[in-house]
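Written below as structure tokens is the structure these notes are about.
What follows is the structure, encoded as structure tokens:
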């Protein structure tokens, strides 16, 4: 089974609430080093944490990171962008492009860059944060990019399995971080999310449904589309 003991972890979006917890939790479980990446890295009070500049939308930045962090055994694709509005027809072109590049192309190209390094280690792990919105299209382009990432994770899991790389996909609703400040409804504590994710990695699981929202939405995919989106009933003549 995969383990964090002695692992070298790279976390994207490490400055945020979930990313920060990933860094600390990995070290608490025995990781020897954590690359804490962000567009503007912050300082950390731990010599095991290596701040690293990374813009997941910039191919040159991705390549430079892959060359610098050639000892990575756990890649955590956590960085993400959101949108203020939920209408995919009313998003600005910039919002659409930013979400596609950050939430979908960024994790994909970063994983491709690190695939040779990860494949060279028998216990390497990739963790992708999908969001429950990957199964519920009320978030406009955000939902669309998370759905695309979910599909990519499934493809990567199949392609990397023969090389010994374990790929875990995480689905979760709102998490109590700065990104979800304006969101209404229940929010999961980041510490609870990370405990669930880390336990799942060490148990060799492939998918995490971190909250009841994610459980219900996945179950809803097997039902009629009107059940998942009851607002469609009001459009019928």
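Residue numbers (our numbering): 70 to 306.
Using N, Cα and C, we set each Cβ at its ideal position, and we do this for glycine too.
Quantities reported herein were computed from a predicted structural model and do not represent experimental measurements.
Spatial distance of residue i from residue j (CA atoms)
i: residue 109; j: residue 242; result: 27 Å
i: residue 145; j: residue 236; result: 10 Å
i: residue 257; j: residue 272; result: 22 Å
i: residue 156; j: residue 277; result: 28 Å
i: residue 280; j: residue 262; result: 9 Å
i: residue 175; j: residue 125; result: 5 Å
DSSP beta-bridge partners of residue i
i: residue 238; result: 197 and 276
i: residue 120; result: 105
i: residue 145; result: 80 and 196
i: residue 70; result: DSSP output for residue 70 lists no bridge partner at all.
Environment of residue i [buried if 16+ CB atoms lie within 10 Å]
i: residue 148; result: buried
i: residue 292; result: exposed
i: residue 228; result: exposed
i: residue 303; result: exposed
i: residue 82; result: buried
i: residue 191; result: exposed
i: residue 301; result: exposed
i: residue 88; result: buried
i: residue 311; result: A query on residue 311 cannot be resolved here, the shown segment of the chain reaching from 70 to 306 and no further.
i: residue 75; result: exposed
i: residue 238; result: buried
i: residue 212; result: buried
i: residue 184; result: buried
i: residue 154; result: exposed
Of the residues the options, the one placed nearest residue i, counting alpha carbons only
i: residue 290; options: 166, 216 and 101; result: 216
i: residue 195; options: 162, 99 and 232; result: 232
i: residue 71; options: 230, 279, 218 and 303; result: 230
i: residue 200; options: 266, 92 and 183; result: 266
i: residue 187; options: 168, 213, 226 and 268; result: 226
i: residue 259; options: 85, 74 and 77; result: 85
i: residue 107; options: 150, 139 and 77; result: 150
i: residue 77; options: 142, 91 and 270; result: 142
i: residue 140; options: 129, 202 and 193; result: 193
heavy atom of the ligand NAP below 7 Å from residue i C-beta
i: residue 211; result: Inclusion of the ligand NAP in the displayed structure is not the case, the ligand content being empty and no account of it being possible.
(request) Decide yes or no for the touch test of the stretch 109-122 against the stretch 281-288: beta carbon pairs closer than 8 Å, at least 3 of them. (result) no
(message) For the pair the stretch 159-169 and the stretch 93-103, tell me if three or more CB-CB distances fall below 8 Å.
(response) no
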